[in-house]
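Heads up, this note's numbering is the position in the sequence shown plus 3, with the first residue counted as 1.
All residues carry an ideal CB built from backbone N, CA and C; glycine is no exception.
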Amino acid sequence: MKIKLNMNEMYKAPPKEIIHSVKECINLINRYTPQKEVDTLMNLLSLYAKVPSEAIVLSTGSDLLIKEFMFLFSNNRKIIIAEPTFVIINNSAQNADSASLKIKLSEPDFKISLEPLHHELKKPSLLVFDNPNNPTGSLILTQDDIETILEHKNAILLIDEAYFEFSKVSYVKLINKYPNLAILRTLSKSFGLAGSGIGYLIAGDLICKKFQGLEIMLPYPSVIAGIKALMHQNYMTDYINEVETEKRRIIDFVLELGVVVYPSYTNFILMKTELQGISEKLAELGVLVYDASNQLGSEYFRVTIGSKKENDFFLETLKNIVISNKD
4 MKIKLNMNEM
14 YKAPPKEIIH
24 SVKECINLIN
34 RYTPQKEVDT
44 LMNLLSLYAK
54 VPSEAIVLST
64 GSDLLIKEFM
74 FLFSNNRKII
84 IAEPTFVIIN
94 NSAQNADSAS
104 LKIKLSEPDF
114 KISLEPLHHE
124 LKKPSLLVFD
134 NPNNPTGSLI
144 LTQDDIETIL
154 EHKNAILLID
164 EAYFEFSKVS
174 YVKLINKYPN
184 LAILRTLSKS
194 FGLAGSGIGY
204 LIAGDLICKK
214 FQGLEIMLPY
224 PSVIAGIKAL
234 MHQNYMTDYI
244 NEVETEKRRI
254 IDFVLELGVV
264 VYPSYTNFIL
274 MKTELQGISE
284 KLAELGVLVY
294 DASNQLGSEY
304 FRVTIGSKKE
314 NDFFLETLKN
324 IVISNKD
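See below:
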């Protein structure tokens with residue numbers, strides 16, 4: 004048996020209504036995506052996010068939007084990110100032509116401290132934070148933190164809310180108050196459409212207008228998948244409930260093994276063990292997890308919440324590794 008718990012994907016296929024609709028539109032793969040279908044997707048996203056469609060920028064995945072955002076807004080600004088953070092945020096900051104600053108997230112709660120930013124926020128800056136954070140799973144920003152940043156008119160803040168459906172925490176309402184705020188979301192995680200690559204940005208006019216001319220035509224099957232997913236949201240809610248149930252079970256089990264577990268507001272859990280090379284050992288036995296050694300240290304690894312069967316296999320495998328290292 005080989006299981007994949009390293010990419011924070013939904014462990015099951017979306018409902019048959021979505022699969023059937025995508026299969027049907029494959030017959031039209033020779034055609035460009037009709038504008039009316041794109042408009043339908045935008046309207047559904049508008050209803051879902053409770054914002055006007057004019058406040059949404061649609062793209063082929065949130066990764067591209069992160070790169071485009073840094074390209075558009077990093078000129079003559081220092082880029083400020085968390086450490087650790089989502090790999091794409093880190094790499095995009097490194098590849099930008101601007102200076103960058105990393106704010107270290109410290110255990111046990113991995114909250115961000117604004118103290119190192121007091122001087123930086125007086126100058127033009129671009130802050131990009133994932134909240135909840137990947138790979139820690141923590142909510143690193145409070146509303147007070149966000150508003151403190153946004154009160155500095157020279158600062159632009161992009162918050163990646165890829166996991167907000169799990170955390171139930173979003174600051175999208177603040178875009179009406181702050182023109183220097185943008186929120187990033189995706190249908191890859193809670194909606195299980197990782198293969199469709201649908202990301203969207205929510206912001207005010209000043210930010211959205213910057214994306215004019217950078218619009219990307221989404222593939223027809225992706226647009227149809229997004230439409231059907233937003234029309235059948237119950238499966239997303241069911242999945243989130245399943246994740247929460249399994250998450251509690253996994254945490255209780257690994258704590259008994261002496262593994263350190265960090266609070267998670269996502270569909271994954273960050274863990275820490277004294278065993279060296281734990282990610283490689285799990286992979287050798289058929290369990291792929293995310294090796295967080297480059298970001299946090301060799302003791303850390305991140306595990307996606309899978310199906311009950313997958314989670315059972317992971318837990319039994321981890322238990323056997325821990326026991327064998329005690330002998």
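Listed in chain order, the non-local C-beta contacts of T307 below 6 Å within the same chain comprise L8, N11 and F271, local neighbours out to five positions each way being set aside. Boundaries of the alpha helix (DSSP H) around K39: Q38 to A52.
Here the C-alpha atom of P222 lies approximately 41 Å from the C-alpha atom of S116. Comparing alpha-carbon positions, the option among F167, T320, K180 and L50 lying closest to L187 turns out to be F167. In this structure, the alpha-carbon of T43 lies about 46 Å from that of L321. Here the stretch 74-87 lies against the stretch 127-142, with 3 or more beta-carbon pairs under 8 Å apart. The DSSP-derived three-state label of R80 is coil. DSSP, reduced to helix, strand and coil, places Y14 outside both helices and strands of the structure shown, so it counts as coil. A direct Cα-Cα distance of roughly 12 Å separates F214 from L67. Taken through DSSP and simplified to helix, strand or coil, T139 comes out as coil.
Assigned with DSSP and collapsed to three states, K125 falls in helix. The residues L124, in chain order, have a CB closer than 6 Å to that of H155 in the same chain once the five nearest residues on each side in sequence are set aside. In the DSSP assignment, V325 is bridged to no other residue.
A residue is called buried once 16 or more other Cβ atoms fall within 10 Å of its Cβ, and K192 is buried on that count.
A direct Cα-Cα distance of roughly 24 Å separates L209 from I91. Distances from the CA of L142 to each of A232, Y268, M274 and N157 were compared; the closest alpha carbon is that of Y268. In this structure, the straight-line span from the alpha carbon of L258 to that of E20 is close to 39 Å. By alpha-carbon distance to A165, the top candidate from I152, E150 and N136 is N136. A distance below 9 Å separates the beta carbons of Y203 and I59. Judged by beta-carbon spacing, E302 lies beyond the 9 Å limit of I326, meaning their Cβ atoms are not closer than that value. Going by C-alpha positions, I152 is about 12 Å away from H122. Counting C-beta atoms within 10 angstroms of its own C-beta, T240 has fewer than 16 neighbours from the protein chains shown and is therefore classed as exposed. For the pair of segments examined, the stretch 88-102 was found not to touch the stretch 241-255: the number of CB pairs separated by less than 8 Å stays below three. In this chain, V60 is not harboured by any alpha helix (DSSP H); it is covered by the beta strand (DSSP E) spanning I59 to S62. Remark: C-beta atoms of V41 and V175 do not approach each other more closely than 9 Å. The alpha-carbon separation between L273 and E247 amounts to approximately 15 Å. By the 16-neighbour rule on beta-carbons within 10 angstroms, K250 is buried.
Going by DSSP, L209 is part of the alpha helix (DSSP H) stretching over D208 to C211.
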